[in-house]
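Trainee: One point on numbering: in the numbering used here, the residue at position 162 of the sequence shown is 148, and numbering is uninterrupted. Don't be surprised by glycine CBs; every beta carbon is placed ideally from N, CA and C.
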Amino acid sequence: MTNHEHERATDLIARHGVDDIAATDVSWLESHLSQCRECAEYAGAFEQTGNFLRSLAVTAGPALVTSTQARVRARAEQLREQQARMVLVTVSFCIGVLFSTASAWLWWKLGGWVVQQLGLPESIVGPGVLLFWLLPAIVIAVLMVTVPHTVLSHPLLLSLTGEHEGEIR
Ligand SMILES: [Zn+2]
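#1: So, helix, strand or coil for D11, using DSSP?
#2: Is the separation between the beta-carbon of F118 and that of S86 shorter than 9 angstroms?
#3: Three Cβ pairs or more, each shorter than 8 angstroms: is that satisfied between the segment 121 to 135 and the segment 82 to 99?
#4: Are the beta-carbon atoms of H(-8) and E24 separated by less than 9 angstroms?
#5: On the CB-based measure, 16 or more other CB atoms within 10 Å of its CB, does R1 come out buried or exposed?
#6: Just the Cα atoms here: how many angstroms apart are D11 and I(-1)?
#7: According to DSSP, which residues form a beta bridge with D5?
#8: Report buried or exposed for I126, applying the criterion of at least 16 other Cβ atoms within 10 angstroms of its Cβ.
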């Protein structure tokens, strides 16, 4: 048997099941394998490797496992950040209501005096209450929108959301 024949056999083994191989090539390969122990062993090993790779593809390779884990972790972090943001919004809302009430109350008490001192028309005292009601809320809303990612991953904030962690895992 020539080297060329073994080469032809290994080539056909590699292409078998992947490419369309002519019936004459298949029957030539079968007759070669029945005579050549070396190529028959190669064909067996090749078949086993193929099965091994196929089983890997089904049970998920290490790269797929790693990337899936990374994706799950990223999703968990995203959910935690959303919860942290919700806590921040709730706390800010309470603080906002407090400040709004305080500043509106202050303006209500002192607005008339301030307007008088600054020589402004009395008619702005009324709308002024509304302005002082809204101002803290607007400031906090702007702060909320611009709050950086790092603040949300602050340990203090994360500990506030800690009791919900069971839900996201
Ligand atoms: Zn051979």
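Mentor: Result, derived from the coordinates:
#1: Taking the sequence shown and counting its residues from 1, the one referred to as residue 11 is at position 25. DSSP places D11 in helix when its eight states are reduced to three.
#2: Working through the sequence shown from its first residue, we reach residue 118 at position 132. Working through the sequence shown from its first residue, we reach residue 86 at position 100. Their beta carbons are under 9 angstroms apart, which means F118 touches S86 by this criterion.
#3: yes
#4: As a position in the sequence shown, residue -8 is number 6, starting the count at 1. As a position in the sequence shown, residue 24 is number 38, starting the count at 1. For H(-8) and E24, yes; Cβs fall inside 9 angstroms.
#5: On the sequence shown, residue 1 is found 15 positions in, with the first residue counted as 1. Flag for R1 reads exposed.
#6: Here residue 11 refers to the residue found at position 25 of the sequence shown. Here residue -1 refers to the residue found at position 13 of the sequence shown. D11 and I(-1): Cα-Cα distance of roughly 10 angstroms.
#7: Within the sequence shown, the letter at position 19 stands for residue 5. In the DSSP output, where bridge partners are listed per residue, D5 has H2.
#8: Here the question's residue 126 lines up with position 140 in the sequence shown. It counts as buried.
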